[in-house]
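Participant:
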Amino acid sequence: MQKLKTPAEIEAMREGGKILATIYRDLRPRVQPGVSEKELEAWVDKEIIRHGATATYKTPEVNFPASICISTNEQIVHSVPSDYVLQDGDVVSFDLVITYKGMKTDSAFTMVVGKGNGVKNHLITSTERSLYAAIDAVKGPVRTGDLGAAIEQVLKNAKLGIVRELVGHGVGHSMHEPPEVPNYGKKGRGDLLAPGDTIAIEPMATIGKEKITVDHEDGWTISTADGSLAAHFEHTILITENGAEILTQL
Ligand code: MG
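Residue numbering for the sequence shown follows my numbering, beginning at 43 and increasing consecutively.
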């Protein structure tokens, strides 16, 4: 069970989610061959402040060394932006949490830098589709297994690897709240989600196998063990009486 959020707190998440979506809308055209991850991070950092929000990753709650995770190609999540200069055809994922009026919202997306190809587009569109399948599975009260089953079905049909060791989660007062929201599962199983609950659903998929590896040098970056490309999509949603409201979209 999640700690109840007041209507004012939900409204703050609604406003914060719109800010996050606005930053992503404005970030997309800047993701071009020749721009470095660090340059993009610096731009995002300024935008967060300009919108009156805070970069949650840089707060003591997380202590991440940057305001946004930028994970490229075989990197799945939690990668620290580096001096790496993006190249045509790179698959790059962005994951950002902001705090606005004390409340957190969390969202991620993956795109191809410059020109894509069939395999990369399949990875990205299928992973995004699995996120929306989970959101569509919310018809009022729902169990986390219903969401996991919806994600798993789309990714299995797409013949992609499902990252099982990382999960979605409750979000709002803190960046990570109960319950865990796995990207696989069985209908009717798992924790019950009730109207007023706010969760982040975040499928991660790979072209290859499901196994992941953590970079022991930086302690953050999680990559595919087989070096295959990965994608990650995430929205923060509010469970309503008869469905879901996506908070991190315009
Ligand atoms: Mg998350």
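C-beta: ideal position from N, C-alpha, C; glycine also.
Note that this is a predicted model, so its numbers are computed, not measured.
So the beta strand (DSSP E) Y142 belongs to, where does it begin and stop?
Facilitator: V133 to Y142
Participant: Enumerated in chain order, which unbroken segments of the beta strand (DSSP E) with a length of 3 residues or greater are wholly contained in the stretch 150-226?
Facilitator: Listed in chain order, they are 210-212 and 219-223.
Participant: Of the choices K60, V127, Q44 and I254, whose alpha-carbon is the least far from that of L82?
Facilitator: V127
Participant: If you draw a straight line from the alpha carbon of G327 to that of L280, how long is it in whole angstroms?
Facilitator: The first residue shown for the chain is 43 and the last is 292, placing residue 327 beyond what the model contains.
Participant: Pick out the complete alpha helix (DSSP H) segments inside the stretch 56-124, 4 residues or longer, and give them in chain order.
Facilitator: Fully contained in the stretch 56-124 are the following alpha helix (DSSP H) runs of length 4 or more, in chain order: 79-92.
Participant: For V111 and G158, what's the separation of their Cα atoms in angstroms?
Facilitator: Correcting the residue type first, residue 111 is Cys in the shown sequence and not Val. Looking at the two C-alpha atoms, the distance is approximately 21 Å.
Participant: Residues in its own chain within less than 6 Å of I249 by CB, not counting five upstream and five downstream?
Facilitator: Hits under 6 Å: L165, S270 and L271.
Participant: Find out if the Cβ-Cβ distance for the pair S113, D87 is shorter than 9 Å.
Facilitator: no
Participant: Opposite E287 in the DSSP bridges: which residues?
Facilitator: BP columns for E287 point to L280.
Participant: How would you call T266, buried or exposed, if buried means at least 16 neighbouring beta carbons within 10 angstroms?
Facilitator: buried
Participant: Using a Cβ-Cβ cutoff of less than 8 Å, which residues in the same chain neighbour A175 once the five nearest sequence positions on both sides are dropped?
Facilitator: A192, I193, Q195 and V196
Participant: In its own chain, which residues sit with a C-beta less than 6 Å from the C-beta of G310, not counting the 5 before and 5 after it?
Facilitator: Nothing can be reported for residue 310: it is not among the residues displayed for the chain, which extend from 43 to 292.
Participant: Using 8 Å for Cβ pairs, my map puts E252 next to R206. What's the rounded Cβ distance?
Facilitator: The beta-carbon separation of E252 and R206, rounded to 6 Å, stays under the 8 Å limit for a contact.
Participant: If distances are taken between C-alpha atoms only, which option among G94, P49 and H120 comes closest to F106?
Facilitator: H120
Participant: Expressed to the nearest angstrom, what Euclidean distance is found between the alpha-carbon atoms of T169 and F275?
Facilitator: Between T169 and F275, the alpha-carbon positions lie close to 7 Å from each other.
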